[in-house]
Amino acid sequence: MDHVSIRPMTPQDLEEVLHIEGLCQARPWSVASFLAELDNPHSRIELLFMEDRLAGFLCSSLVCGEMTILNVATHPSFRRRGVAARLLTHGLEQARQVGLEKVFLEVRINNVGAIALYRRFGFREISRRPGYYADGEDALVMQRDEI
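Okay, so the sequence shown: first residue is 183 according to the numbering used here, each after it adds one.
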């Protein structure tokens, strides 16, 4: 069994997080984007370590009784090992502990694997945002009512 730990991101983790973001996204978040989330008291970036290596992260915002999942990424060498599922479970548990009522996220309409994962976690599609991403791809907006 893999040793897994989850902890909040610190500025010292930025280089590793940016590396994973670059491996996972065609248009990765910038240094400024991650630093803004680190400085935002309503945001959390949780890191999951497996085999003492950074395997993935989840960035979320907790505002007005709602959680919005902003970014989830898994290092390619750790895919299909439950990294995103563990991060989602952890994030939803944190939301439950502070009494949040709903969770929202946007996902690329063609990201079939992520959409399937979110559906397994009880998310449902509530709308579509045409041309949401910089490359013109639509976003699917998903919501989970029960935390």
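Note that the Cβ used here is the ideal one computed from N, Cα and C, for glycine as well.
- With respect to residue 321, residue 311 sits close: the two C-beta atoms are nearer than 8 Å.
- The closest CA to that of residue 265, considering only 285, 236 and 287, is found on 236.
- Within a 10 Å sphere around the beta-carbon of residue 256 sit 16 or more other beta-carbons, which makes this residue buried.
- Under DSSP, residue 321 shares a beta bridge with 290 and 311.
- Nearest neighbour of residue 280 by Cα position, chosen from 245, 254, 252 and 294, turns out to be 245.
- DSSP places residue 218 within a helical segment (H, G or I) once states are collapsed to three.
- C-alpha of residue 252 to C-alpha of residue 309: approximately 17 Å in a straight line.
- For the 8 Å CB-CB criterion, residue 210 and residue 203 form a contact.
- If you look at residue 275, you'll find it in the alpha helix (DSSP H) that goes 265-279.
- Taking a 10 Å sphere around the C-beta of residue 268, we find 16 or more other C-beta atoms and assign the residue as buried.
- For residue 262, the number of other beta carbons within 10 angstroms of its own is below 16, and it is reported as exposed.
- Cβ neighbours of residue 303 within its own chain (closer than 6 Å, five residues either side excluded): 270.
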